[in-house]
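Asks: 338 is the number that our numbering gives to position 339 of the sequence shown; each next residue is one higher, with no gaps. Here a beta-carbon is modelled for each residue, glycine too, at the ideal position from N, C-alpha and C. Okay, handing you the structure first.
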Amino acid sequence: MSAQAYDPLADQRTPEGPQFDVFLAGTVFLDIVFTGLAAMPAAGTEIWADGMGSCPGGIANLAIATSRLGLRTSLAAAFGDDDYADFCWRTLAEQESVDLSRSRRFENWHSPVTVSMAVDRDRSMVTHGHSAPMSASDMIGAPPRSKAVIVTLSAEEPLGGPGKCNWAELAQRDGALIFADVGWDPSGAWSPDMLEQLSVCHAFMPNAVEAMAYTGTDTPRDALYAIADRVPLAVVTDGANGAMAIDSMTGEEAFVPAPRVTALDPTGAGDVFGAGLVLGTLCGWPLNDRLAFAGVCSALAVQQFGGSLAAPGWGDIADWWHEVRAAAGHSGAYGDSLARRYAFLDKLVPTDPVGAVRRAAATIARHADVGMAPQMPGKPPATPEGTTAEAGGPLDEPEDPNTPRVPAQKE
Numbered sequence: 000m001s002a003q004a005y006d007p008l009a010d011q012r013t014p015e016g017p018q019f020d021v022f023l024a025g026t027v028f029l030d031i032v033f034t035g036l037a038a039m040p041a042a043g044t045e046i047w048a049d050g051m052g053s054c055p056g057g058i059a060n061l062a063i064a065t066s067r068l069g070l071r072t073s074l075a076a077a078f079g080d081d082d083y084a085d086f087c088w089r090t091l092a093e094q095e096s097v098d099l100s101r102s103r104r105f106e107n108w109h110s111p112v113t114v115s116m117a118v119d120r121d122r123s124m125v126t127h128g129h130s131a132p133m134s135a136s137d138m139i140g141a142p143p144r145s146k147a148v149i150v151t152l153s154a155e156e157p158l159g160g161p162g163k164c165n166w167a168e169l170a171q172r173d174g175a176l177i178f179a180d181v182g183w184d185p186s187g188a189w190s191p192d193m194l195e196q197l198s199v200c201h202a203f204m205p206n207a208v209e210a211m212a213y214t215g216t217d218t219p220r221d222a223l224y225a226i227a228d229r230v231p232l233a234v235v236t237d238g239a240n241g242a243m244a245i246d247s248m249t250g251e252e253a254f255v256p257a258p259r260v261t262a263l264d265p266t267g268a269g270d271v272f273g274a275g276l277v278l279g280t281l282c283g284w285p286l287n288d289r290l291a292f293a294g295v296c297s298a299l300a301v302q303q304f305g306g307s308l309a310a311p312g313w314g315d316i317a318d319w320w321h322e323v324r325a326a327a328g329h330s331g332a333y334g335d336s337l338a339r340r341y342a343f344l345d346k347l348v349p350t351d352p353v354g355a356v357r358r359a360a361a362t363i364a365r366h367a368d369v370g371m372a373p374q375m376p377g378k379p380p381a382t383p384e385g386t387t388a389e390a391g392g393p394l395d396e397p398e399d400p401n402t403p404r405v406p407a408q409k410e
């Protein structure tokens, strides 16, 4: 596993401190993303895409986003024994420095797969998969000591309920802060009972639609106040409008607009925002700076195709800040506003760190073809080096003999 080039928490680390900054659990998907489609294919027809990328998705979006920011990240997830799982495991562990010591490989359980088709700044998806052979709590056992865990509230494995504690509660009892979000409710019930789980959480980070639906309020700000009655750190994100938050631990309340960008692919934007917020909270930054940092991380991600691998690293953030700072004073009121809002970055990225982590190409082959000109049907695309791109399968590398492997349960 490669070492991170920049450690934003270096001055906080002690030999007695937690092993990890962030611990996560969830499902890893193989995401296959087709880009540059003029329209969705009609029934019985075939169309060609301008570009294609492949990358780990699902909980991997969040794991990669936190690791890219220099947070020591550990992930517990089920992996199959197919080539897709080999690719996802290798990408997370070797390329993205994510610890997988609490993850397991299962025989005869294939990787969940999502195909995403991007059309006119929107996307449609098809997913196939089966439930993991083992629950996260059973897989993890006693979680490693960490400063924070990030969870999605769930009715299937609720927090704070009677009976057996799940992995996140065990981590919280060992000193971790629980940062929670919540998913879309396809039933339309939006039961407020879901929010009872926040009793053990430090922070809650829903988007505006989810926040209003679960709190029964009419505006994002009213929803924010309702959430602030339940958790020390309440955050509501509102897309291009920005984000608002209340931190009762510090007595701060803030609203920060989002940077203006052209969004190409929103996949994983909420995960990237959450990663930035967790980092800022662990670093003890002022609330305004935390929201601004999380917002720019998300804005940098949505300008790229590729989901998890579009998450920015410190190299990308440094590049952006250098451009903003250089333009200040002669780019109008908006440019000057950005320079003032993000002035705190001067202390973090005074120069571009040597070897700083940057976003990676999203591809399962040796060379990405996202953004390349479309080729004639039947002719393999040429890579930038002038050689022929691999058609598909992951690179052949020996499997780690220490990887835990257990049989999958029969369906």
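How many Å lie between Pro55 and Thr214 at the Cα?
Replies: 33 Å
Asks: When burial is assigned at 16 or more other CB atoms within 10 Å of the CB, is Arg365 buried or exposed?
Replies: Unreliable positioning characterises Arg365 in this predicted model, as indicated by a pLDDT of 41, which lies under 50. The coordinate reading is nonetheless provided below. Looking at its Cβ environment, which holds fewer than 16 other Cβ atoms inside 10 Å, Arg365 is exposed.
Asks: Look at the alpha carbon of Ala64 and the alpha carbon of Ala300, and state the distance between them as a whole number of angstroms.
Replies: The alpha-carbon atoms of Ala64 and Ala300 are separated by roughly 10 Å.
Asks: Among residues of its own chain, excluding the 5 on either side of Ala227, which ones have a beta-carbon nearer than 6 Å to its beta-carbon?
Replies: Ala233 and Ile245
Asks: Express the C-alpha separation of Gln18 and Ile31 in angstroms, rounding to a whole number.
Replies: 33 Å
Asks: Could you give the C-beta distance for Ala24 and Trp166, rounded to a whole number, given that I count them as a contact under 8 Å?
Replies: A Cβ-Cβ distance of about 6 Å is found for the pair Ala24 and Trp166, placing them in contact under the 8 Å criterion.
Asks: What is the DSSP secondary structure of Lys346, counted as helix, strand or coil?
Replies: helix
Asks: Can you tell me whether DSSP reads Ala202 as helix, strand or coil?
Replies: strand
Asks: In terms of residue numbering, what span does the beta strand (DSSP E) encompassing Cys87 cover?
Replies: Note, Cys87: premise wrong, no beta strand (DSSP E); alpha helix (DSSP H) at Asp82 to Arg89.
Asks: Can you name, in chain order, every residue of its own chain whose Cβ lies under 6 Å from the Cβ of Met243, other than the five neighbours on each side?
Replies: Leu223, Val235 and Phe254
Asks: Of all the options Gly238, Gly306 and Val114, which has the alpha carbon lying nearest to the alpha carbon of Val260?
Replies: The shortest C-alpha to C-alpha distance from Val260 to any of Gly238, Gly306 and Val114 is the one to Gly238.
Asks: Any heavy atom of the ligand ATP inside 7 Å of the beta-carbon of Phe86?
Replies: The ligand ATP is not part of the structure shown, which contains no ligands of any sort.
Asks: Let me check understanding here. Comparing Cα to Cα, which of Asp20, Leu91, Gly140 and Phe33 lies closest to Gly69?
Replies: Asp20
Asks: Looking only at DSSP bridge pairs, what is Arg122 linked to?
Replies: Bridge partners of Arg122: Ala117.
Asks: Please name the residue in Val295, Leu278, Ser336 and Ala309 whose C-alpha comes closest to that of Leu8.
Replies: Leu278
Asks: If we count Cβ pairs, one from each stretch, closer than 8 Å, do we get three or more for the stretch 128-137 versus the stretch 96-113?
Replies: yes
Asks: What residue ranges within the stretch 4-75 form continuous alpha helix (DSSP H) runs of no fewer than 4 residues, ordered along the chain?
Replies: Within the stretch 4-75, the complete alpha helix (DSSP H) runs of at least 4 residues are 58-67.
Asks: According to DSSP, is Asp137 part of a helix, a strand, or is it coil?
Replies: Residue state, collapsed to three classes: helix.
Asks: Looking at the structure shown, is Met193 part of a helix, part of a strand, or coil, going by DSSP?
Replies: helix
Asks: State the beta-bridge partners of Ile177 as determined by DSSP.
Replies: Val148
Asks: Can you tell me whether Met248 is helix, strand or coil according to DSSP?
Replies: coil
Asks: For Ala242, list the residues DSSP reports as bridge partners.
Replies: Thr236 and Val255
Asks: Count the other CB atoms within 10 Å of the CB of Pro219; is the residue buried (16 or more) or exposed (fewer)?
Replies: buried
Asks: Answer with buried or exposed for Asp173, where buried requires no fewer than 16 other C-beta atoms within 10 angstroms of its C-beta.
Replies: exposed
Asks: Suppose you measure from the CA of Ser53 to the CA of Leu29; what does that come to, to the nearest Å?
Replies: 7 Å
Asks: Using beta-carbon positions only, say whether Ala298 and Pro258 come within less than 8 Å of one another.
Replies: yes
Asks: Grouping DSSP H, G and I as helix and E and B as strand, with all else coil, what is Asp270?
Replies: helix
Asks: Per DSSP, Phe78 is paired with what?
Replies: Arg104
Asks: Less than 8 Å between C-beta atoms, sequence neighbours within five positions excluded: which residues of the same chain meet that for Gly241?
Replies: Phe254, Val255, Pro256, Ala257, Leu290 and Gly294
Asks: Taking all protein chains shown into account, decide if Arg104 is buried (16 or more other Cβ within 10 angstroms of its Cβ) or exposed.
Replies: buried
Asks: Please report the distance separating the alpha-carbon of Thr216 from that of Gly283.
Replies: 30 Å
Asks: Give the range of the alpha helix (DSSP H) segment to which Phe292 is assigned.
Replies: Leu286 to Val301
Asks: Looking only at its chain, what residues have a beta carbon closer than 7 Å to the beta carbon of Leu419, apart from the 5 residues adjacent to it on each side?
Replies: Since the first residue shown for the chain is 0 and the last is 410, residue 419 is missing from the structure and cannot be characterised.
Asks: In the DSSP assignment, find the unbroken alpha helix (DSSP H) run with Pro219 in it and report its ends.
Replies: Pro219 to Ala227
Asks: Please name the residue or residues paired with Val112 in a DSSP beta bridge.
Replies: Leu29 and His127
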